Amino acid sequence: MSGGRGHDGRPIDPAGTGPSASALAGARCLVLGGAGFLGLNLCNRLAQAGAEVTCFSRSHAQAEVLDRRVARVTGHFSDRLAIANAVERQDVVFHLIAGSIPESSNRDPSAELAAAPIATLHLLEICRSARIRKVVFASSGGAIYGIPRATPIPEQAPTDPISAYGISKLMIEKSLHLYRHLHGIDYQILRVANPYGRFQLGNRHQGLIGSYIQRVLADLPLEVWGTGEVVRDFLHIDDVSDAFLAAVGYDGPHKVLNVGSGTGLSVNQIIAELERAFGRERLPCLYKPSRAADVPANVLDTTLIRSELGWQPRVALRDGLVSTIDWMRAHLAEARGDGVPPNPVR
Numbered sequence: 001m002s003g004g005r006g007h008d009g010r011p012i013d014p015a016g017t018g019p020s021a022s023a024l025a026g027a028r029c030l031v032l033g034g035a036g037f038l039g040l041n042l043c044n045r046l047a048q049a050g051a052e053v054t055c056f057s058r059s060h061a062q063a064e065v066l067d068r069r070v071a072r073v074t075g076h077f078s079d080r081l082a083i084a085n086a087v088e089r090q091d092v093v094f095h096l097i098a099g100s101i102p103e104s105s106n107r108d109p110s111a112e113l114a115a116a117p118i119a120t121l122h123l124l125e126i127c128r129s130a131r132i133r134k135v136v137f138a139s140s141g142g143a144i145y146g147i148p149r150a151t152p153i154p155e156q157a158p159t160d161p162i163s164a165y166g167i168s169k170l171m172i173e174k175s176l177h178l179y180r181h182l183h184g185i186d187y188q189i190l191r192v193a194n195p196y197g198r199f200q201l202g203n204r205h206q207g208l209i210g211s212y213i214q215r216v217l218a219d220l221p222l223e224v225w226g227t228g229e230v231v232r233d234f235l236h237i238d239d240v241s242d243a244f245l246a247a248v249g250y251d252g253p254h255k256v257l258n259v260g261s262g263t264g265l266s267v268n269q270i271i272a273e274l275e276r277a278f279g280r281e282r283l284p285c286l287y288k289p290s291r292a293a294d295v296p297a298n299v300l301d302t303t304l305i306r307s308e309l310g311w312q313p314r315v316a317l318r319d320g321l322v323s324t325i326d327w328m329r330a331h332l333a334e335a336r337g338d339g340v341p342p343n344p345v346r
């Protein structure tokens, strides 16, 4: 399988380079949660755009795919001294740290709400003292809105999360607004849909497409919660990274922007697309009861980000699935010791 091409005809770059962002050249950028799926891709893109990047995370899982120009710092988000040392002398802070996932967050809401939101308040106080230029926060385009009254969902829609995870994200959004009001800290919130792509490990119960691809390659049935008619908005990680880079230079009035494809697909439709991408007539499925944290449909209205940032998705779903399958195959082969590292860093 080949890497494929995006909507604009450009090849999907398996190393995650994408379009350049000269405005970021020399900018000192801290990526909190940099060893996660989004963080790894963003760190690499920032480094390739000429930024001086520091990756902050609890561990350095998949460190072999991180650009060698990226500095690595380990620590816990709750460790104020570690965060203060990481923030010092930075220009832009990307906050990608999440507490858990929607379903598990409802098992212990108090723990969820006592973690990331409180640590974020400490972070913002540190950013205020360090005179950080901008904070860019990865919020949730799915969990924030709860059960929508209509789709696609605009940024002005009611925010009624049905998971503690969504409430946690909303608390952080409001904290950013507070610190701008009180102290003038600039920020940008990106409410991201359901990203997929390279570096998304399917064994972490987060990311439907990544999980399904890994299960197919492991000859396991696909787990379907409910009937499979739940609708979601899926977006390739290159498009998400494009939005984060564009957000750094944005100084317009809209502090909250949706980042999605604008197109809804049911779980059953995703399974059909994967069958085509794998060249399989039928993928076995294991149906389970629906979950309380799953909203029936979530599709984001991306009119605002398209007009404000000039951003739009460029990776077609079929090409994105093919490139993700290629990456996952290489990753699993490397884990077994019978392949070369996927996308070796430069």
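Everything in the sequence shown is counted per UniProt numbering, starting at 1 for the first residue and increasing by one. Note that the Cβ used here is the ideal one computed from N, Cα and C, for glycine as well. As the structure is a prediction and not an experimental result, all values here were calculated from the model.
Looking only at Thr227, Gly210 and Val224, the smallest Cα-Cα distance to Ala218 is reached by Gly210. Sorting Gly26, Cys29 and Leu40 by C-alpha distance to the C-alpha of Gly197 places Leu40 at the top.
DSSP lists no bridge partner for Trp327.
Of the residues assessed, Gly26 falls on the exposed side of the cut-off, its CB having fewer than 16 other CB atoms within 10 angstroms. Following the DSSP letters along the chain, one finds Ser57 inside the beta strand (DSSP E) bounded by residues Glu52 to Ser57.
Take Ser266, set aside five residues on each side of it, and the residues of its chain with a beta-carbon closer than 7 Å to its own are Gly228, Glu229, Val230 and Val231, in chain order.
In this structure, Ala150 sits away from Pro161, with a CB-CB distance that is not shorter than 8 Å. Residues of the same chain with a CB within less than 8 Å of the CB of Ser175, apart from the 5 flanking positions on each side, are Pro117, Thr120, Leu121 and Leu124 in chain order.
Counting along the chain, the unbroken alpha helix (DSSP H) around Val87 starts and ends at Arg80 to Val87. For the pair Thr303 and Arg80, the Cα-to-Cα distance works out to about 38 Å. Inside the region 271 to 297, DSSP marks whole beta strand (DSSP E) runs of 3 or more residues at positions 285 to 288, from first to last along the chain. Contact between Leu178 and Ala138 fails: their C-beta atoms lie close to 19 Å from each other, not under 8 Å.
By the criterion of at least three beta-carbon pairs nearer than 8 Å, the region 316 to 324 is in contact with the region 272 to 283. Judged by DSSP in its simplified three-state form, Pro253 adopts coil rather than helix or strand.
For Leu190, the uninterrupted beta strand (DSSP E) run begins and ends at Tyr187 to Val192, by DSSP.
Looking at the DSSP output, Ile97 shares a beta bridge with no other residue. Its Cα nearest to that of Glu155, the residue Ile305 stands out among Lys169, Ile305, Gly249 and Tyr250. Taken in chain order, the whole beta strand (DSSP E) runs of length 3 or more contained in the region 99 to 139 number zero. Here DSSP, grouped into helix, strand and coil, assigns Asn44 to helix. Val92 sits in a strand when the DSSP states are folded into three classes. Put simply, the backbone Cα of Glu112 is about 19 Å away from that of Arg191. Here the C-alpha atom of Gln62 lies approximately 31 Å from the C-alpha atom of Tyr287. The beta carbon of Arg89 sits closer than 7 Å to those of Arg28, all from its chain and outside the five residues before and after it, given in chain order. For Ser266, the beta-bridge partners assigned by DSSP are Val231. With fewer than 16 other Cβ atoms from the protein chains shown falling within 10 Å of its own Cβ, Thr74 counts as exposed. Take the alpha-carbon of Ser78 and the one of Leu283: they are about 42 Å apart.
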